[in-house]
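One structure below.
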Amino acid sequence: MSTREILTLQFGHYSNYVGAHFWNIQELSFDYSGTATTDLNHDILYREGQTSRNEVTYTPRLLIADLKGALKTLPQSGGLSDDAQETDLQWDTVEKIEEPPPEKNQYLAAIDSVQTTVADGKKDYNLKESVITWTDYLYPRFHSRTVNVVNEYQHGSNKEAFDIYPTGRGVWKSDYGDVFSDNIRKYVEECDSMQGFQINFDCTDGFAGLALGCIEHLSDEYTKPILAYPIIASHFPDNNSNTQEERDISNLRDSIRLVNILLSIQELSEHATMYVPLCTGEKGWRKPGNARTFDCLNYDPKLYYHSSAILASAIDTLSQKYRHKSNIHTMSDICADMTGYGRKMTAASLGMPIAINESQYLIDYLNERIQPIYSCITPGCKIANDKLFQLITIRGIPESYLKAPPKEAKAQQNLPAYRCNSVKEMFELYFQANNFLSATNLTVNEQPLNLKTPFPQIFTKNLNKYGFIKNDNRLEDVESCAVIAGYHNGTFLANMIEKLHRDVSRIRFAKLHKFKEEGLEASEYTESLDKLAEFKDNYEDDFEL
Numbered sequence: 001m002s003t004r005e006i007l008t009l010q011f012g013h014y015s016n017y018v019g020a021h022f023w024n025i026q027e028l029s030f031d032y033s034g035t036a037t038t039d040l041n042h043d044i045l046y047r048e049g050q051t052s053r054n055e056v057t058y059t060p061r062l063l064i065a066d067l068k069g070a071l072k073t074l075p076q077s078g079g080l081s082d083d084a085q086e087t088d089l090q091w092d093t094v095e096k097i098e099e100p101p102p103e104k105n106q107y108l109a110a111i112d113s114v115q116t117t118v119a120d121g122k123k124d125y126n127l128k129e130s131v132i133t134w135t136d137y138l139y140p141r142f143h144s145r146t147v148n149v150v151n152e153y154q155h156g157s158n159k160e161a162f163d164i165y166p167t168g169r170g171v172w173k174s175d176y177g178d179v180f181s182d183n184i185r186k187y188v189e190e191c192d193s194m195q196g197f198q199i200n201f202d203c204t205d206g207f208a209g210l211a212l213g214c215i216e217h218l219s220d221e222y223t224k225p226i227l228a229y230p231i232i233a234s235h236f237p238d239n240n241s242n243t244q245e246e247r248d249i250s251n252l253r254d255s256i257r258l259v260n261i262l263l264s265i266q267e268l269s270e271h272a273t274m275y276v277p278l279c280t281g282e283k284g285w286r287k288p289g290n291a292r293t294f295d296c297l298n299y300d301p302k303l304y305y306h307s308s309a310i311l312a313s314a315i316d317t318l319s320q321k322y323r324h325k326s327n328i329h330t331m332s333d334i335c336a337d338m339t340g341y342g343r344k345m346t347a348a349s350l351g352m353p354i355a356i357n358e359s360q361y362l363i364d365y366l367n368e369r370i371q372p373i374y375s376c377i378t379p380g381c382k383i384a385n386d387k388l389f390q391l392i393t394i395r396g397i398p399e400s401y402l403k404a405p406p407k408e409a410k411a412q413q414n415l416p417a418y419r420c421n422s423v424k425e426m427f428e429l430y431f432q433a434n435n436f437l438s439a440t441n442l443t444v445n446e447q448p449l450n451l452k453t454p455f456p457q458i459f460t461k462n463l464n465k466y467g468f469i470k471n472d473n474r475l476e477d478v479e480s481c482a483v484i485a486g487y488h489n490g491t492f493l494a495n496m497i498e499k500l501h502r503d504v505s506r507i508r509f510a511k512l513h514k515f516k517e518e519g520l521e522a523s524e525y526t527e528s529l530d531k532l533a534e535f536k537d538n539y540e541d542d543f544e545l
């Protein structure tokens, strides 16, 4: 059976926050005892290698882009021990100049001391207070070609900010892009039956241009699907302005971010196979807006460590459909199913946890539920209830929770759903009843989302260790939970595109001098606006299922 490999690409600081959680989740799903079973084929995302000392390595098939100074404790070589690197260059003479290594927090120090296993999954390492960058809670180590630093720009610098789309495009056209594309080629050549590319990128700054330069290259050079997640951070520090001068600066940066989003969305419609904008804020632009709410979650949107964990959980759950051992769905299948009528942009949803009472059956939970069982995680968007194409993944609900035995069923037997004999059948009936004129494809995985350290403690205290609502006041840390996530496409997305077009049209582009200085002319900007309006026509209401 072929592996159907996927190459993952991450561009930008917030996307690397998301990526750090995503790869931590993968590591937690590994079974080193040989006793557990899994429905996932880890070889789809990971690759096996061998060091010069014939030691076997198993690392993500991954390329990362971030700015100089963003890595902190993670070496640019990927973090494998010096004698375990897969490339061992010999030099005649070497002059070694070392800077003092950055101090590691308690969690990273614990990993170093244990080495062979994940640090204590129940211990509180105070990561909420100590995380400064995404490497502060990163567990896995990477291949030596994975980390690609943009050395021309310093992370956190306002003087030479990497903040506009054309700057990123320029970096891609430099030697950096040549090296990056060569690393892509090396990974692709290792694959036997490659599925495609999974790409997460910050769409509000220079990484938008860098990512789109790469995506255009992939579209030209490879005949593989490109599934992209343009990501908007949950919070921008400059939005906390107190003085008029600070507000003026924030408004200017909001305008710059909005233009970057426009250029990203428009270019993706030409070069990506399917793309799914993500943000835990309701608006996304000009500011992220109010934080999306989830049952039994209490997170701080100002902490990237918190909000990125939510998006990583969504991507992990959504991707299970094309990482399954059964090979039923491929990335190509999913993109084809979701992008009919030229509708390459898709919305995403997440329900985490699925907060069923520990003594409640699924049939009663769904029958009594009034609100949707998920929240939209695509900015400026409200998912409709009808005329939908949707791919839903549900994980972590035991079949024993389905319904009461006949002798105890009582009123349950009067419900149509009582005839369902599996979790999948019951959810299929639920979506059939709640989504008129819609096509729903459902995947169910019994394994829940593992939530051990360093996943943030963002769950309310009324949950048991399996993520279900407790009947008493016993103290338990949530170790796993049930999750639902979905891709959704339909005419409702026309409203989101219209909002984006309207908000960008209000910007006085001539005042954004930096774009012109970097080579983006007003005519090109206007053309992007016009193309976005044309793209919206694909979502008009002449829909037939």
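Quick note on UniProt numbering: the sequence shown kicks off at 1 and runs consecutively. Where is the CB? At the ideal position from N, CA and C, for every residue including glycine. Computed from a predicted model, the values in this text were never measured in an experiment.
Curious, which full-length alpha helix (DSSP H) runs of at least 4 residues does the stretch 308–383 contain?
Taking only runs of at least 4 residues, the alpha helix (DSSP H) segments lying wholly in the stretch 308–383 are 331–338, 362–368.
Taking C-beta to C-beta, are Leu362 and Gly486 nearer than 9 Å?
The residue given as residue 362 occupies position 362 in the sequence shown. The residue given as residue 486 occupies position 486 in the sequence shown. Contact: no.
Just the Cα atoms here: how many angstroms apart are Phe459 and Leu451?
Translated into positions along the sequence shown, residue 459 becomes position 459. Translated into positions along the sequence shown, residue 451 becomes position 451. The straight-line gap from Cα to Cα measures roughly 10 Å.
Please report how far the alpha carbon of Thr38 lies from the alpha carbon of Ile44, in whole angstroms.
The residue given as residue 38 occupies position 38 in the sequence shown. The residue given as residue 44 occupies position 44 in the sequence shown. Their backbone Cα atoms lie some 14 Å apart in a straight line.
Less than 9 Å separating the beta-carbons of His13 and Thr133?
As a working note, residue 13 is residue 13 in the sequence shown. As a working note, residue 133 is residue 133 in the sequence shown. It is a contact, given that the beta carbons lie within the stated cut-off.
Kindly indicate the opening and closing residues of the beta strand (DSSP E) around Val483.
Here residue 483 corresponds to residue number 483 of the sequence shown, with the count starting at 1. Looking at the DSSP string, the run of the beta strand (DSSP E) that includes Val483 is 483–489.
Does DSSP put Pro416 in a helix, a strand or coil?
In the sequence shown, residue 416 corresponds to position 416, counting from 1. In the structure shown, Pro416 sits in a helix (DSSP, three-state: H, G or I).
Suppose you measure from the CA of Asn471 to the CA of Thr453; what does that come to, to the nearest Å?
As a working mapping, residue 471 is identified with position 471 in the sequence shown. As a working mapping, residue 453 is identified with position 453 in the sequence shown. Rounded to the nearest angstrom, the two C-alpha atoms are 25 Å apart.
Tell me which residues share the same chain as Thr3 and place their Cβ nearer than 8 Å to its Cβ, disregarding the 5 neighbours each side in the sequence.
The count along the sequence shown starts at 1 and reaches residue 3 at position 3. Answer for Thr3: Asn41, Asp43, Ile44, Cys191, Asp192, Ser193, listed in chain order.
Please classify Pro288 as buried or exposed, where buried requires at least 16 other C-beta atoms within 10 Å of its C-beta.
Along the sequence shown, one-based indexing puts residue 288 at 288. With 16 or more Cβ atoms within 10 Å of its Cβ, Pro288 is classed as buried.
In chain order, what residues of the same chain have a beta carbon less than 8 Å from the beta carbon of Leu268, not counting five sequence neighbours either side?
Counting from one through the sequence shown, the residue named residue 268 turns up at place 268. Excluding sequence neighbours, Leu268 sits near Leu212, Ile215, Ala228, Pro230, Tyr275, Lys344, Met345.
Hey, out of Leu28, Pro60, Met426, whose CA is closest to Ser8's CA?
For the purposes of this step, residue 8 is taken as the residue at position 8 of the sequence shown. The sequence given here places Thr at residue 8; Ser does not occur at that position. Nearest of Leu28, Pro60, Met426 to Thr8, Cα basis: Pro60.
Leaving out five residues before and five after Glu425 in sequence, what residues of the same chain have Cβ atoms less than 8 Å from its Cβ?
Taking the sequence shown and counting its residues from 1, one reaches residue 425 at position 425. Correct list: empty, nothing qualifies.
What is the DSSP secondary structure of Met496, reduced to helix, strand or coil?
Taking the first residue of the sequence shown as 1, we reach residue 496 at position 496. Helix at Met496.
What are the start and end residues of the alpha helix (DSSP H) that includes Thr526?
Locating residue 526 in the sequence shown gives position 526, where the first residue counts as 1. That run of the alpha helix (DSSP H) goes 522–536.
Taking only three categories from DSSP, how would you classify Ile261?
Sequence index remark: in the sequence shown, residue 261 carries index 261 (1-based). Note: Ile261 maps to helix in three-state DSSP.
Can Thr440 and Leu388 be called in contact, C-beta distance under 9 Å?
Against the sequence shown, residue 440 aligns to sequence position 440. Against the sequence shown, residue 388 aligns to sequence position 388. Closer than 9 Å, so yes.
Quick one: what's Gly148 bridged to in DSSP?
As a first step, residue 148 must be located in the sequence shown, where it is residue number 148. Rather than Gly, the amino acid found at residue 148 in this sequence is Asn. Asn148 is bridged to Ala65.
Mind checking Val56: buried by the 16 CB within 10 Å criterion, or exposed?
Residue numbering aside, residue 56 sits at position 56 when the sequence shown is read from its first letter. Its Cβ having fewer than 16 others within 10 Å, Val56 is exposed.
Using 9 Å as the threshold, is the C-beta distance between Ile232 and Gly156 below it?
As a working note, residue 232 is residue 232 in the sequence shown. As a working note, residue 156 is residue 156 in the sequence shown. Going by C-beta atoms, Ile232 is not nearer than 9 Å to Gly156.
Of all the options Phe468, Tyr401, Ala482, which has the alpha carbon lying nearest to the alpha carbon of Glu476?
Working through the sequence shown from its first residue, we reach residue 476 at position 476. For the residues Phe468, Tyr401, Ala482, the minimum Cα distance to Glu476 belongs to Phe468.
How many angstroms separate the CA atom of Ile394 from the CA atom of Val131?
Here residue 394 refers to the residue found at position 394 when the sequence shown is read from its first residue. Here residue 131 refers to the residue found at position 131 when the sequence shown is read from its first residue. Distance between the alpha carbons of Ile394 and Val131 is about 30 Å.
Tell me whether Pro166 sits in a helix, a strand or coil according to DSSP, three-state version.
Sequence index remark: in the sequence shown, residue 166 carries index 166 (1-based). Here Pro166 sits in helix by DSSP.
Looking at Ser308: is its Cβ nearer than 9 Å to the Cβ of Tyr17?
The count along the sequence shown starts at 1 and reaches residue 308 at position 308. The count along the sequence shown starts at 1 and reaches residue 17 at position 17. Contact: yes.
Tell me whether the beta-carbon of Cys481 lies closer than 9 Å to the beta-carbon of Ile354.
As a position in the sequence shown, residue 481 is number 481, starting the count at 1. As a position in the sequence shown, residue 354 is number 354, starting the count at 1. Yes, these two residues count as a Cβ contact at 9 Å.
Work out the CA separation of Glu189 and Glu5 for me, nearest whole Å.
Position 5 of the sequence shown, counting from 1, holds the residue named residue 5. Position 189 of the sequence shown, counting from 1, holds the residue named residue 189. Those two C-alpha atoms are separated by around 11 Å.
Just to confirm before moving on: does the CB-CB distance between Ala417 and Tyr430 stay below 9 Å?
Taking the sequence shown and counting its residues from 1, the one referred to as residue 417 is at position 417. Taking the sequence shown and counting its residues from 1, the one referred to as residue 430 is at position 430. Their beta carbons are under 9 Å apart, which means Ala417 touches Tyr430 by this criterion.
Of the residues Ile373, Pro379, Leu463, which one's Cα is nearest the Cα of Asn434?
Here residue 434 refers to the residue found at position 434 of the sequence shown. Of the listed residues, the one whose Cα sits closest to Asn434 is Ile373.
Decide if His488 is buried, meaning its Cβ has at least 16 other Cβ atoms within 10 Å, or exposed.
Taking the first residue of the sequence shown as position 1, residue 488 is located at position 488. His488 comes out buried.
Run through DSSP, which three-state label would Ser255 get?
Taking the sequence shown and counting its residues from 1, the one referred to as residue 255 is at position 255. Residue state, collapsed to three classes: helix.
Does DSSP put Ala20 in a helix, in a strand, or in coil?
Here the question's residue 20 lines up with position 20 in the sequence shown. Note: Ala20 maps to helix in three-state DSSP.
What's the C-alpha gap between Asp182 and Gly79?
Taking the sequence shown and counting its residues from 1, the one referred to as residue 182 is at position 182. Taking the sequence shown and counting its residues from 1, the one referred to as residue 79 is at position 79. Looking at the two C-alpha atoms, the distance is approximately 21 Å.
Since I believe Asn239 is in contact with Ser250 (beta carbons under 8 Å), could you give me their beta-carbon distance rounded to a whole number of angstroms?
Taking the sequence shown and counting its residues from 1, one reaches residue 250 at position 250. Taking the sequence shown and counting its residues from 1, one reaches residue 239 at position 239. Sure, about 6 Å apart at Cβ, within 8 Å.
Does DSSP put Ser241 in a helix, in a strand, or in coil?
For the purposes of this step, residue 241 is identified with residue 241 of the sequence shown, where counting begins at 1. In this structure, Ser241 counts as coil in the three-state DSSP scheme.
Who does Phe201 pair with in a DSSP beta bridge?
Along the sequence shown, one-based indexing puts residue 201 at 201. DSSP lists Phe11, Pro230 as partners of Phe201.
So, helix, strand or coil for Glu270, using DSSP?
Residue numbering aside, residue 270 sits at position 270 when the sequence shown is read from its first letter. Three-state DSSP puts Glu270 in a helix.
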